[in-house]
Amino acid sequence: MTTFARGLIIFAVVNFLPVDQLGSMTQSNGLMGQTTLVGAIIGGIVAVFLAPLAEEFIFRGFLFTKFQVMFSVWTSMIFSSLLFGAIHFSISSITTFLFGLSMCIVFYKTKNLAIPILLHALNNAFVSIISIYSKLFVSSSSEEISLNEVSQQFYTIALPCFVVSMVLAYYLIKKRFFYS
């Protein structure tokens, strides 16, 4: 089975999960916009386990690899990362593009799709943890959690994790740890 086919199968499974039918239990507003703790946990499970598999197979395993046949490595990285950012449909498309670009670099350097899948899962785990954390611990006088409160909590946790992970990734790639 081709890389693209694997990615499409996982993508189809993710999109056809009965998240809407769980609506009465989770009061969901979509997979990543859950309004309850249960909804955030279900969204987190999908985001951490299924989405990285599907997206990495499609965008790095298939598109990036196919673009390299037609374009230079850097052009291929940019095209596949632009498409990766575009499917996320939000203001964060710029940061998603940059994340996609970094995953292309990791895949290109290591020639191992498991590494970007793992890093993607870790990234989504951080986002899911922040979402669940905000449901449990961030106090707000209204029903809505203020974006400022979540942003402060997010950057308190995420920024140091990001810096440490980038230094670690650089060190491991430099030492050729992931190379077969």
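In this text, residue positions in the sequence shown follow my numbering: the first is 18, and each later residue adds one. Glycine included, C-beta positions come from ideal geometry on N, C-alpha and C.
- Contact check for S97 against Q85 fails: the beta carbons are separated by 7 Å or more.
- In this structure, DSSP gives F106 a state outside helix and strand, which the three-state scheme calls coil.
- In this model, S182 and M120 are separated by some 13 Å (Cα to Cα).
- Taking one beta carbon from each stretch, the stretch 144 to 154 and the stretch 69 to 76 have fewer than 3 pairs nearer than 8 Å; the two do not touch.
- Ranked by Cα distance from F114, the options I95, L136, T127 are led by I95.
- Between S110 and G102, the gap from beta carbon to beta carbon is short of 7 Å.
- Taking every protein chain shown into account, the CB of S145 has 16 or more other CB atoms within 10 angstroms, so this residue is buried.
- F66 carries a helical assignment under DSSP once its states are collapsed to helix, strand and coil.
- For K83, the enclosing alpha helix (DSSP H) covers residues 82 to 87.
- Rounded to the nearest whole angstrom, the CA to CA distance from A64 to L135 is 12 Å.
- One Cα belongs to G60, the other to T112, and the distance between them is close to 20 Å.
- A direct Cα-Cα distance of roughly 32 Å separates A131 from L153.
- Sixteen is the threshold: when 16 or more other Cβ atoms of the shown chains lie within 10 Å of the Cβ of L80, as they do, the residue is buried.
- Look at T53 here: in three-state DSSP terms it is coil, with no helix or strand label.
- The straight-line gap separating the alpha-carbon atoms of T53 and M87 is approximately 46 Å.
- Inter-residue distance for I122 and Y187 is about 11 Å (C-alpha atoms, whole angstroms).
- The beta carbons of P69 and A138 sit closer together than 7 Å.
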